[in-house]
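A.B. asks:
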Amino acid sequence: MSNFHGVLAVLCTPFSPDEAVDYDSLRRLADYVIAEGTHAIVCLGLASETNRLSEEEKRGIIQTVVAQVDGRVPVLSGLQAASTPEAVRMARWLEADGVVGLMVLPPPGPVDMAGVEQFYTAVAEAVDVPIMVQDCPQVVGYGLSASVIAQMAEQCANIQYVKLEAQPAWPLMEALKEQAGDRLQMLVGWGGIGFIEALERGAVGCMPGADAIGPMRQVYARYAAGDIDGARAIYAAILPVLVAKGGNLQSFIQSAKHLLVRAGAIAHPTVRQPVTPIDDQSLHELDTWSRLTDKELAKYAVPVAVPHE
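In this text, residue positions in the sequence shown follow my numbering: the first is 200, and each later residue adds one.
(1) Looking at the structure shown, is A424 part of a helix, part of a strand, or coil, going by DSSP?
(2) Within the segment 381 to 412, note down every full beta strand (DSSP E) run reaching 3 residues or more, in order along the chain.
(3) Out of A246, V220, L275, L225, which has the shortest C-alpha to C-alpha gap to E254?
(4) Can you list, in chain order, the residues of its chain with a C-beta nearer than 8 Å to that of A349? Leave out the 5 residues immediately preceding and following it.
(5) Would DSSP call S276 helix, strand or coil?
(6) Three Cβ pairs or more, each shorter than 8 Å: is that satisfied between the segment 468 to 487 and the segment 210 to 225?
(7) Considering only C-alpha positions, which residue in the set P306, V272, T263, D269 is nearest to P284?
(8) Is it the case that the segment 452 to 465 contacts the segment 494 to 501, given that we only count it when at least three CB pairs across the two stretches are under 8 Å?
(9) Within 10 angstroms of the Cβ of T237, are there 16 or more other Cβ atoms? Answer buried if so, exposed if not.
(10) Keeping to the same chain, check which residues put their C-beta closer than 8 Å to that of E324; ignore five residues upstream and five downstream.
(11) Take A436 and list the residues in its own chain whose beta-carbon comes closer than 6 Å to its own, dropping the five residues that flank it on each side.
(12) Taking DSSP as the reference, what is the three-state secondary structure of G244?
(13) In terms of alpha-carbon separation, which member of D327, V328, E316, N357 lies closest to S344?
(14) Rank E396, S247, L252, I395 by C-alpha distance to the C-alpha of A208 and give the top, closest one.
(15) Around the Cβ of R461, are there at least 16 other Cβ atoms within 10 angstroms (buried) or fewer (exposed)?
(16) Below 6 Å, is the gap between the Cβ of A435 and the nearest heavy atom of the ligand NAP?
(17) Taking 6 Å as the limit between beta carbons, can you name the residues of its chain near H204, skipping five residues before and five after?
Right under this line is the structure:
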């Protein structure tokens, strides 16, 4: 089995003000999360506005990040496709372009579980790299059952990971532990909400946005070293910012880009339209909580990722 664990940064897609992909910012962002301590990089996730990218742009992003990272950390990619043939074709070019793992979102519903199994099995059989099943019912419209995921992992040796996005994730996590045992490793997403409890329940990592990597890496490092109280203290310090980024995907993306601009990691906070913009009051709350969080993190010698005037 491969060994994806710890804190895996999901990169946003930087855009210039005209909404073109900003490849210079993308290179800078890859360097930024590596400097912040990420264990791996994930491109083309839900937080990457992937559904608003052309295939040419997706390939450009993968090739740019793989080249910029140059083997310093593993590079994985999300895979979102409406059909099985499209998913298989995309999986093959992603592997050919250098990614070492695929995070695969279920096809859009409605679809029965037999169709879901066929979709994942076809992708897994098309490539050699490890597959991460991404369960995100709040986006896809339906959730995956533990029995279906466990059966797919038994049938396909390279289905090795599950990313849990549902809130709460614990019912599925506990069912997977019972039904799949050690065949599957579990990580949590949705911005890092519930990271400590996930670790306590046996998760091997978390996949937050690129703006939160430094503190989340410290949470993981302290937890792995046995300093559970220290991990909880740092997580408690950053939790208000995670909450302030909002409970839906679009507010999370906009908030993360806002923080990354302030950190100097990307040049512009542009998102692709149409989207409902977060307003000035929400940005004020985000900035206020971020400043308070930085003061708390300073007590634990955690570097401040976002400078403040």
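Heads up, the beta-carbon is just placed ideally off N, CA and C, and yes, glycines get one too.
C.D. replies: Answer, in terms of the structure:
(1) Three-state result, A424: coil.
(2) Within the segment 381 to 412, the complete beta strand (DSSP E) runs of at least 3 residues are 384 to 387.
(3) Measuring from the Cα of E254, the nearest candidate turns out to be V220.
(4) Hits under 8 Å: L375, Q378, A379, R382, L383.
(5) In this structure, S276 counts as strand in the three-state DSSP scheme.
(6) The segment 468 to 487 vs the segment 210 to 225: in contact.
(7) Of the listed residues, the one whose Cα sits closest to P284 is P306.
(8) Contact between the segment 494 to 501 and the segment 452 to 465 is absent: fewer than three C-beta pairs spanning the two stretches fall below 8 Å.
(9) Label assigned to T237: buried.
(10) The beta carbon of E324 lies closer than 8 Å to those of C355 in the same chain, with the five residues before and after it left out.
(11) The residues are T492, E495, L496.
(12) The answer is coil: DSSP assigns G244 none of H, G, I, E or B.
(13) Here the closest residue by C-alpha is E316.
(14) In terms of Cα proximity to A208, the closest of E396, S247, L252, I395 is S247.
(15) Around the beta-carbon of R461, 16 or more other beta-carbon atoms lie within 10 Å, marking it buried.
(16) The model on display carries no ligand, and the ligand NAP is accordingly not part of it.
(17) If you ignore the 5 residues before and after H204, its C-beta comes within less than 6 Å of the C-beta of V403, G404, all in its own chain and listed in chain order.
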